[in-house]
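Structure first, commentary second.
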Amino acid sequence: MKPLVFALPSNDEMAERLTARLDAERGRAEIRRFPDGESYVRIDSDVRGRDLAIVCTLDRPDDKFLPLTFLATAVRDLGARTVGLIAPYLAYMRQDTRFRPGEGITSAYFAKMLSLHLDWLVTIDPHLHRRKSLAEIYPIRCAVAHAGPLIADWIRAHVASPLVVGPDRESEQWVAEVAARANAPYIVLEKTRLGDRDVRVSAPDTGRWKGRTPVLVDDIVSTARTMIEAAKRFREAGFTEIVAVGIHALFAGSAYDELLSAGVSRIVTCNTVAHASNAIDVVEALAKAVDLNQRRSSTM
Ligand code: R5P
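At position 223 of the sequence shown (counting the first as 1) the number is 228 in the working numbering, and the numbers step up by one without a gap.
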């Protein structure tokens, strides 16, 4: 029997495309809120004995977590054989240590809570900084797809003479890979975050790169302060065309407009989170990660 692909609200387009690519069938469910804000879930498809994937990108995760886990619990309750999650953006990965005494390490807590309801997880470039792999906190089978090659191909196709720029030392490894595939040089900046919206970024001497277009590349754009401060350094150094490329377009509040106002000529993101800036398609990369995951288990 073909696997069934369910979608949380706002994930239908991604779910439709993945269903077609994975030769699966769409699962149908009604998921809505009661007038008082509580969640309602009703499964329309016959899930008995079936292998399931739920598509739910996890930006603004607090509102999504309960409907997602209700859906996963309900399908299991109704006899589903396996339940996996395709989350193009995986939330809560950045709080991976106790930066200040008393803080909760929410990446680990979120992983534990989510894993209670799932057999497997597929995502794109989770923010792995102090951790090497999702396996350190997710006890379920995980497969990760990477947007780096897609970003590199986009740069090659759209920027004539790029200089790939990583915002901080941690980004060096993947920025170097993007630059190599884009056939471009790269530099990394020094970044210090002092608060949610207080970021300091310093650039090395960029004089030798005059005539190139800086392409700022980061995994997550949230407040956009990292990109804004990086763009400012290049504006100050006399660069007039600056491109910003992010994987996950979180754009908190007015971050997108603020980044445009900071003098960035173009903002481009992957469609892991739906946004007007989406220009790089990750569906095939996600589907390949699901295929890989499937091969590892022989069930979806
Ligand atoms: C942090 O380590 C990430 O790689 C991003 O640089 C960060 O999440 C960007 O956040 P913001 O847009 O709020 O500066």
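Backbone N, C-alpha and C define an ideal beta-carbon position, used for all residues, glycine too.
Just so you know, these numbers come straight off a predicted model, no measurement behind them.
Burial state of residue i, where buried means 16 or more other Cβ atoms lie within 10 Å
i	result
Ala96	buried
Tyr45	exposed
Tyr114	exposed
Thr5	No statement about residue 5 is possible, as the shown extent of the chain runs from 6 to 305 and does not include it.
Thr128	buried
Glu289	exposed
Arg230	buried
Ser266	exposed
Arg55	buried
Thr197	exposed
Phe256	buried
Leu23	buried
Arg238	buried
Ala167	The question names Ala, but residue 167 in the sequence shown is Pro. Buried is the call here.
Asp82	exposed
Ala140	exposed
Ala165	exposed
Leu199	exposed
Asp41	exposed
Candidates the options, of which the one nearest residue i by Cα
i	options	result
Arg205	Leu194, Thr211, Leu63	Leu194
Glu234	Gly212, Gly171, Arg22, His134	Gly171
Val220	Ala181, Ala257, Thr228	Ala181
Leu121	Ile160, Asp262, Val88, Trp214	Val88
Ser270	Ala236, Ala257, Gly251, Gly258	Ala236
Gly84	Asp51, Thr74, Ala292	Asp51
Gly258	Val226, Leu9, Val169, Ala140	Val226
Ile91	Cys147, Gly42, Pro40	Cys147
Ile156	Arg103, Arg301, Gly251	Gly251
Pro144	Ala116, Gly153, His132, His163	Ala116
Arg240	Ala260, Gln178, Thr211, Ala25	Thr211
Ile59	Leu291, Ile160, Arg65, Val222	Leu291
Ala150	Leu297, Glu108, Ser302	Leu297
Val183	Trp159, Ser166, Asp173	Trp159
Arg135	Leu264, Asp41, Arg37, Arg174	Arg174
Ala20	Asn283, Val287, Arg38	Val287
Ala25	Glu35, Val10, Arg37	Val10
Thr74	Asp41, Ile36, Ala189, Glu108	Ile36
Ala268	Ala242, Pro106, Arg161	A small correction: the amino acid at residue 268 is Gly; Ala does not occupy that position in the sequence shown. Of the listed residues, the one whose Cα sits closest to Gly268 is Ala242.
Thr274	Val295, Phe104, Glu263, Ala249	Ala249
Through-space distance from residue j to residue i, alpha-carbon basis
i	j	result
Gly216	Leu27	44 Å
Val278	Ala254	6 Å
Leu119	Asp17	21 Å
Ser176	Arg31	37 Å
Ile192	Val80	48 Å
Leu71	Ala12	14 Å
Asp201	Arg99	12 Å
Pro93	Ala187	23 Å
Ile48	Pro14	14 Å
Ala307	Arg86	Residue 307 is absent from the structure shown; the chain starts at 6 and stops at 305.
Asp68	Ile247	35 Å
Val110	Arg213	Sequence check: residue 110 is Ile here, not Val. Whole-angstrom Cα-Cα distance: 42 Å.
Leu76	Pro8	16 Å
Arg33	Arg53	14 Å
His163	Val222	14 Å
Ile321	Gly153	Since the first residue of the chain shown is 6 and the last is 305, residue 321 is not available in this structure.
Thr102	Met6	43 Å
Gln299	Lys293	10 Å
Asp124	Ser207	43 Å
Ser112	Phe39	29 Å
Asp203	Ala260	13 Å
Glu43	Thr62	20 Å
His132	Trp179	12 Å
DSSP bridge partner residues for residue i (one or two, in chain order)
i	result
His253	Ile225
Ile48	Ala34
Ser207	Glu195
Ile285	Cys275
Ile91	Val60, Val127
Thr218	Pro167
Val10	Arg31, Ala58
Val248	Val220, Arg271
Val149	Thr128
Gly200	Asp203
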